[in-house]
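Remarks on the structure that follows.
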Amino acid sequence: SVSSNTLTTAASVVGGYGSLLVFFAVASTLTVNVRQRATELELLRCSGATPAQLKRMVVGEALAVALVGAALAIGPAMLGGRALLRVFQDSGQVADSVDYAFGPIALFTGVGITLVAAVGAAFLAVRRATRGRRQPGGARTFFAYAALATGALAVCCTFLMKATDEALMAPPAYGAILLSVGFALLAPRLLKGLLDRLALCGASGWLAVRNLRQRAGDLAGILMSLILFTAVATTTLTVQAVESDAVEASGLVKSVDAKNLETLNFTVVGIIVVFVCVMLVNSLYAATTYRGREFGQQRLAGATPGQVLGMVGAEAAVLTVTGVLFGTVAALAGIVPFTVVRGDAVLPGQTFGVWLAVVSVATAVTLGTSLATARKVLRTPATEAVALAA
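Right, here's the structure in full:
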């Protein structure tokens, strides 16, 4: 039935994106946390702990936190599911006779996926730490270029389709996503490449560039989040807006499938916005809080709190610009082919408004979290901050 197809599609799409975002969120936060604990892990290893024991310790910690988080998420999940069902019913995509149900299958599936994602992300994070310092392997580079090549191929396939094809939105959307994934995997290289061509003036600017060069690997998760958020949100919202305007201009009535796709697009973007904000806030807070000793040493060397805040702001600005830049490139690669095939304009008028809204959210979260956390850290006297971290 129509109701069954709608709910099945929604569950698959929302569940799939949700699982992927949970994995990235946990991986991003744990990577920062594990790298900050490098001294502790190295001390344990020198004291006789084996790499396997260290992995079990970190994975066990992640599992315990994931269990608590999953338990706390049950209530919001029930409310969110009920609200999503109501949206489908109000738009006529699901019959009013369909009742909301939250049973053991949904509970165990959601908790199970969350735990698997948390354990997998923790294992990968601690695995990199326990291997010691090594040159980056070729696997990450291979997958990055494979994603870029596949994304470019998917985008080019859009030109082989007709404006009336029902699946016209799929190739550019998934092509843009794959391109953003490729850029995200190359995040450390992209950041270093940009820094080599960047010259910021003043003491704060010089310190910001120097710190970003040294911490490019640690900031990869933050940059990855910005690239994915910018590309996916801009592409999805713009393509959906162009499609809706085209249908309205033709005088046709949207089919149930078209309504399903529109609802799912907005739902997916909403999920991405929430998760990316959580990822950025967690990662930036952890990374900035850990720099208390660094800030204290800079103040003892003569830097004013204003200069330290300026440095943090410059770092956040560079990260934001880099993430938005490559996310926008991936988004345009998907938007332009779609609009050329679907309409007459190369770049639709909706693009700038959507892009501006996406960039505003990314900038507010990145700069706001970085500066607010740095201001909090700077409240601790410089001598005390250095002594506590020693």
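Going by the numbering used here, the sequence shown opens with residue 44, and the numbers climb by one from there.
Just so you know, even glycine gets a beta-carbon here, dropped at the ideal spot from N, CA and C.
Residue nearest to R342 in terms of C-alpha spacing, selected from S326, G366, L250
L250
Quick check: R183 and L228, are their CB atoms within less than 7 Å of each other?
yes
Using C-beta distances below 7 Å, list every residue in its chain close to A120, excluding the 5 sequence neighbours before and after it, in chain order.
G153
Just to confirm, are G264 and S71 a CB contact at a threshold of 7 Å?
For G264 and S71, yes; Cβs fall inside 7 Å.
Tell me whether Q136 sits in a helix, a strand or coil according to DSSP, three-state version.
coil
Best match in E291, V69, V324, A284 for proximity to E305 [C-alpha to C-alpha]
A284
Considering only the beta carbon of each residue, do N308 and T277 sit closer than 7 Å?
no
At the level of alpha carbons, what is the spacing between M100 and T331?
If I take the Cα positions, the gap works out to 25 Å.
Closer than 8 Å is the cut-off here; do at least three beta carbon pairs connect the segment 344-353 with the segment 256-275?
no
Does P391 come out as helix, strand or coil in the three-state DSSP assignment?
The answer is coil: DSSP assigns P391 none of H, G, I, E or B.
DSSP-derived helix/strand/coil call for T93
coil
For S403, count neighbouring C-beta atoms within 10 Å of its own C-beta (all shown protein chains included) and say buried if the count is 16 or more, exposed if not.
exposed
The alpha helix (DSSP H) that contains Y143, what's its start and end?
Counting along the chain, Y143 sits inside no alpha helix (DSSP H), nor does DSSP assign it H or E at all.
Measure the Cβ-Cβ separation of S413 and A359 and say whether it is below 7 Å.
yes
Could you name the residues of the same chain whose beta carbon sits closer than 8 Å to that of T34, not counting the 5 residues immediately before and after it, in chain order?
Look at the range of the chain in this structure, 44 to 433, and you will see that residue 34 is not part of it.
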